[in-house]
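The numbers in my numbering rise by one with no breaks, and the one at position 72 of the sequence shown is 72. Ideal Cβ placement from N, Cα and C applies to all residues, glycine included.
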Amino acid sequence: MEFDHKANDIQPVLSSDDVPLEAARALYILWDDKRGQRLMPARRDFDPANMRALLEDMVLFDVDGAESRLRVRLYGTRIVQMSGLDLTGKYLDQIPGSENVGRRCQWVIAHKAPTFIRKVQLEWSQRSYRRYDVLALPLSANDKDVNMILFHLTFE
1 MEFDHKANDI QPVLSSDDVP LEAARALYIL WDDKRGQRLM PARRDFDPAN MRALLEDMVL
61 FDVDGAESRL RVRLYGTRIV QMSGLDLTGK YLDQIPGSEN VGRRCQWVIA HKAPTFIRKV
121 QLEWSQRSYR RYDVLALPLS ANDKDVNMIL FHLTFE
């Protein structure tokens, strides 16, 4: 698979070695295990009860329709604390400053592959002085189309 690196912050994840942070690496290993021989695992493959320690650092996006409009389904409690916002239920295109998040999501949708991005500025919050690293993982109900994207954020 060839990757388009138009955005220099987007780094494809080809193995767990590409994820330098412990919690994010553990999530990638779980994602990789759940997908098995498939291109991507499905949301139904994951039991939130077995992921309690990770949930507070997660964002789960629904990918709606042919336009790939993104809606925040889950917005972890630590992310609420760090950003000062609870974006659960909001569409990404309604959130000022979320253009780069949208661009990264569109990359994941187009490539059907995980990515890890370092030192991202919190542009969609008044707390833009904060930085975080993010692992983005595609999920698919049919192993063909990305219908959800799972983010794991680690704040500095």
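Please check the pair residue i and residue j, which I expect to be a contact at CB under 8 Å, by giving their CB distance rounded to whole angstroms.
i	j	result
Gln94	Ser68	Going by Cβ atoms, the distance from Gln94 to Ser68 rounds to 15 Å, so no, they are not a contact pair.
Leu21	Ser140	So it is not a contact: roughly 25 Å between Cβ atoms.
Pro96	Ala113	Between Ala113 and Pro96 the Cβ distance is about 28 Å, and since that is not below 8 Å, they are no contact.
Ala42	His152	Actually they are not in contact, since the Cβ atoms of Ala42 and His152 sit about 18 Å apart, beyond 8 Å.
Val108	Val120	About 14 Å; that fails the 8 Å criterion.
Apart from the five residues on each side of it in sequence, which residues of its chain come closer than 7 Å, Cβ to Cβ, to residue i?
i	result
Asn142	none
Gly76	Leu55, Glu56, Asp57, Met58, Val59
Span of the beta strand (DSSP E) holding residue i?
i	result
Leu70	69-75
Tyr132	131-139
Val101	Taken as a continuous stretch (DSSP letters only), Val101 belongs to no beta strand (DSSP E), being part of the alpha helix (DSSP H) at 99-111.
Ile149	148-155
Leu60	58-64
Expressed to the nearest angstrom, what Euclidean distance is found between the alpha-carbon atoms of residue i and residue j?
i	j	result
Ala136	Ala110	13 Å
Thr88	Phe61	9 Å
Val101	Lys34	25 Å
Val80	Leu74	11 Å
Phe46	Ala53	14 Å
Val13	Val19	7 Å
Asp17	Tyr28	10 Å
Gln37	Trp31	12 Å
So, is residue i buried or exposed, given that buried needs 16 or more other C-beta atoms within 10 angstroms?
i	result
Ile149	buried
Arg131	exposed
Arg44	exposed
Ser83	buried
Arg103	exposed
For residue i and chain B, any beta-carbon pair shorter than 8 Å?
i	result
Leu139	Although the question refers to chain B, the structure presented lacks it and comprises just one protein chain.
Assuming residue i is part of the alpha helix (DSSP H), what are its boundary residues?
i	result
Ile29	22-35
Leu14	Leu14 -> no alpha helix (DSSP H), and no H or E assigned at all.
Leu55	52-55
Within its chain, find whatever has a CB closer than 6 Å to the CB of residue i; leave out the 5 residues flanking it on each side and keep chain order.
i	result
Gly65	none
Thr9	A small correction: the amino acid at residue 9 is Asp; Thr does not occupy that position in the sequence shown. These residues qualify, in order along the chain: Ile117.
Give a single yes or no on whether residue i has its beta carbon closer than 7 Å to a heavy atom of the ligand MG.
i	result
Tyr75	This structure does not include the ligand MG; it has no bound ligands of any sort.
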